[in-house]
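First comes the structure, then the notes that go with it.
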Amino acid sequence: MSAICSRICALRWRQVGAAVVPSLWAGGAMAAEAWPGGSLPALAVVPALAAAALWACVLWRRIRALEATRLDPPVPVEPASRTGLPVASPAAGPWEHYFALAADSGHVLEGLIDTRGRLYWVSPAFERFAGHAVEDVLAAPDFVELIIYERDRRYVREQTTQVLSTGRPADFETRVLTREGALRWVTCHWHAVRDEAGVVQGIRATGDDIQARKEAEFKLLETVAALRRAQALSEHYLRRSNEERSRLSALLDVVEAGILFMDPDHRVVYCNRALCEIWKVAEGESIVGVRDVVLQQHAVTLLTDPPGYLRHVAGVLGSREASAPFELHFSDGRTVNEFSRVVFGDDGARAIGRIWVYEDVTERRRVALQLLNLAERDPLTNLYNRRRFHEELERMLGDARRRGDDVGLLVLDLDGFKPVNDAFGHQAGDQVLTGLAQAVAAVVRRNEMFFRLGGDEFAILVPSADVQGLAGLARRVGACIAALRFDFGGSAVGVTASIGIAWSGLSGTDAEALVGAADRAMYRAKAQGGNRSEVAAAAEGNDPEVGAEPGLG
């Protein structure tokens with residue numbers, strides 16, 4: 001500091017010399033010019049020099065006043081401030097005073113570390129930041145142990161050693177342990193302090209409070225982590241959804257029912273494999289996104305009743321109710337059941353589309369018909385069996401009661417059938433039964449039903465019948481049977497029939513009574529030698545003969 005002041009004084013004296021000498025010359029020149037003739041006597045120079053000397057004295061006083069304000073006067077100091085720096089007295093120069101004020105009132109964390117790694121000065125801002133008194137920090141044998149978080153202490157000591165040994169600055173972040181035990185983040189800028197010879201004398205440690213930034217970073221990291229968790233969860237649910245969709249699609253592809261889902265704009269959203277097979281969609285062709293009108297144009301080329309199908313579809317689309325099952329008949333003989341309903345969203349009110357289900361029931365109908373035939377038809381002759389006979393008898397009697405007409409019944413029992421069976425075997429007997437069934441079926445009219453009740457016993461039901469019509473039918477049937485001939489091993493064989501006739505107008509409308517009356521009439525015909533018909537007597541009990549048709553053969 002004294003060297004700087006000596007330089008300033010030398011500079012000022014040069015400034016004074018530069019100002020005084022020209023002034024003296026100027027004063028002399030002014031006096032010479034003022035003298036008449038422009039020639040100043042030697043005696044007149046004395047007052048001029050005196051005036052110049054007076055002017056130099058004035059300048060000297062101004063220079064002394066200027067020296068009173070120099071930057072490095074001797075400053076009396078007090079022992080020390082709380083910061084560890086000398087405290088400037090009121091008589092000190094303005095620069096020392098301002099520096100002391102800046103050190104005491106600044107907000108930057110500042111400190112000085114000696115070559116032993118001890119902290120010998122710290123700014124008061126640190127006490128406001130961490131709560132530790134400056135005296136406690138300076139008195140601590142190891143400031144790192146006092147104010148640095150335990151997990152960061154080793155790193156801070158390494159940085160201190162590195163700066164003192166190499167002189168290179170260090171910038172790092174660490175956590176400061178406050179007096180209350182809380183942690184606060186600071187960013188540190190440590191620079192080596194060197195003497196005039198360049199030897200490291202200590203470290204100037206500067207720190208910035210970055211707690212708010214760290215908290216914002218942590219919150220940002222938490223937000224990013226939450227977003228990543230949400231994204232992972234969303235991807236998980238999306239993956240699960242895609243897997244569920246794949247499983248559902250695989251399931252729908254193995255079911256035999258055709259499934260078609262249309263959106264509210266009447267475009268195809270989904271269809272399974274079975275639907276493409278039912279509607280003959282070309283393999284590899286996708287109908288997703290196709291409108292329903294295009295599908296209808298394709299469908300009418302496959303159905304037996306296109307106008308009826310289009311009317312049905314229009315009716316279904318005009319309603320929000322589930323449609324009743326509708327049977328579609330294809331030109332290739334297939335039968336398909338159709339069902340449709342509106343699909344609603346989660347709110348239960350907004351329609352998100354319509355689902356159509358198509359089930360090919362062709363094989364089911366065939367099997368059902370086959371089972372029905374097995375249950376209702378005689379397997380040998382393919383005539384309706386006894387079970388179907390009783391069902392039809394009850395139905396016809398009920399219809400007759402509603403219409404006010406009568407039902408007729410013919411019961412047939414073959415004459416001479418057992419000898420054929422005994423002589424030529426059961427296969428010959430079966431041949432006789434099948435041949436008879438075919439021949440009599442050709443005689444029976446469309447509204448009349450022919451049954452095999454079992455063994456060699458047959459029956460014919462006639463709706464809206466009268467006695468004369470029944471007698472005529474019995475004659476035709478008896479003649480047909482008597483005319484049949486069968487060749488077994490070169491032998492021509494024939495049979496005849498004993499026919500009992502019952503009419504609900506005489507025997508009553510009870511099914512059991514009508515069958516009993518026909519059976520009794522048939523037995524009377526057989527008792528009279530067969531090959532004839534007998535009409536059952538009235539139900540009153542006197543059993544009178546209404547008529548007989550002998551000699552049908």
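So that you can map any letter, position 452 of the sequence shown is 452 in our numbering, and since no number is skipped, the others follow by simple counting.
No residue lacks a Cβ here, since even glycine has one placed at the ideal position from N, Cα and C.
Cα-Cα separation between residue i and residue j, rounded to whole angstroms
i: Val432; j: Val515; result: 25 Å
i: Ala232; j: Glu217; result: 22 Å
i: Val353; j: Glu321; result: Looking at the sequence shown, residue 353 is not Val but Gly. Cα to Cα, the separation comes out at about 13 Å.
i: Arg532; j: Ile460; result: 16 Å
i: Thr223; j: Ser234; result: 16 Å
i: Arg311; j: His298; result: 16 Å
i: Phe424; j: Glu457; result: 20 Å
i: Pro141; j: Arg229; result: 47 Å
i: Leu295; j: Asp305; result: 16 Å
i: Val477; j: Asp422; result: 25 Å
i: Ala527; j: Leu393; result: 27 Å
i: Ser504; j: Leu372; result: 29 Å
i: Glu363; j: Ser331; result: 16 Å
i: Val467; j: Val313; result: 52 Å
i: Val440; j: His390; result: 20 Å
i: Asp183; j: Asn242; result: Position check: residue 183 holds Leu in this sequence, whereas Asp was assumed. Computed Cα separation, rounded: 47 Å.
i: Gly489; j: Ala400; result: 49 Å
i: Leu248; j: Val254; result: 10 Å
i: Val367; j: Gly469; result: 38 Å
i: Asp566; j: Leu380; result: Summary: the structure shown does not reach residue 566, with the chain confined to residues 1 through 553, and so no result is reported for it.
i: Asp171; j: Thr115; result: 19 Å
i: Gly333; j: Arg365; result: 12 Å
i: Pro325; j: Arg273; result: 21 Å
i: Phe450; j: Pro307; result: 39 Å
i: Ser123; j: Ala139; result: 14 Å
i: Leu252; j: Asp346; result: 22 Å
C-beta contact flag for residue i and residue j at 8 Å
i: Tyr358; j: Gly258; result: yes
i: Ala502; j: Ala536; result: yes
i: His191; j: Arg179; result: no
i: Glu376; j: Asn385; result: yes
i: Asp378; j: Arg452; result: yes
i: Gly408; j: Val462; result: yes
i: Ser495; j: Gly416; result: The sequence given here has Val at residue 495, not Ser. Cβ distance < 8 Å, so Val495 and Gly416 count as in contact.
i: Leu109; j: Tyr120; result: no
i: Gly435; j: Leu397; result: no
Own chain, CB closer than 6 Å to residue i, minus 5 neighbours either side, in chain order
i: Val493; result: Val420, Phe486
i: Val316; result: Ser323, Ser340
i: Leu260; result: Cys271, Leu275, Trp356
i: Thr187; result: Glu173, Asp208, Ile210
i: Gln201; result: Val193, Asp195
i: Thr160; result: Gly117
i: His189; result: Asp171, Thr206
i: Phe126; result: Leu109
Boundaries (first-last residue) of the alpha helix (DSSP H) holding residue i
i: Asn242; result: 211 to 254
i: Tyr149; result: Element bounds for Tyr149: n/a, residue is neither H nor E.
i: Val158; result: Sequence check: residue 158 is Glu here, not Val. Start and end: 153 to 166.
i: Glu285; result: Segment: none, Glu285 is in no alpha helix (DSSP H) and carries neither H nor E.
i: Arg401; result: 386 to 403
i: Glu127; result: 125 to 130
i: Glu327; result: No alpha helix (DSSP H) holds Glu327; the beta strand (DSSP E) holding it covers 326 to 329.
i: Gly634; result: Beyond the ends of the chain as shown, which are 1 and 553, falls residue 634; an answer cannot be given.
i: Val293; result: 292 to 299
i: Val122; result: Run containing Val122: none in the alpha helix (DSSP H); it sits in the beta strand (DSSP E), 119 to 122.
Where the beta strand (DSSP E) through residue i begins and ends
i: Asp360; result: 351 to 360
i: Thr554; result: In the structure as shown, the chain starts at 1 and stops at 553, and residue 554 therefore has no counterpart that could be examined.
i: Tyr270; result: 268 to 271
i: Arg341; result: 335 to 344
Neighbourhood of residue i by C-beta distance below 7 Å, restricted to the same chain and skipping five residues each side
i: Glu327; result: Thr335, Asn337
i: Lys280; result: Leu302
i: Ile147; result: Ala130, His132, Val137, Val176, Leu177
i: Asp519; result: Val411, Gly500
i: Val268; result: Leu260, Met262, Ile287, Val288, Gly289, Val290
i: Ser507; result: Ala513, Leu514, Ala517, Ala536, Ala539
i: Arg524; result: Glu534
i: Val144; result: Arg153, Val156, Arg157
i: Val443; result: Arg476, Val477, Cys480
i: Thr166; result: none
i: Tyr309; result: Ala299, Val300, Leu303, Leu328
Below-8 Å beta-carbon distance, residue i vs any chain D residue
i: Phe143; result: Given the protein chain composition of this structure (a single chain), no chain D is represented.
Close beta carbons around residue i, own chain, < 8 Å, minus the five adjacent residues each side
i: Met522; result: Val411, Leu412, Asp413, Ser498, Ile499, Gly500, Glu534
i: Arg350; result: Phe344
Any non-hydrogen atom of the ligand MG closer than 7 Å to residue i Cβ
i: Glu327; result: The ligand MG is absent from the structure shown, which contains no ligand whatsoever.
Completely contained beta strand (DSSP E) runs for the segment 450 to 517, where each covers 3 or more residues: 457 to 462, 486 to 488, 491 to 493, 496 to 503
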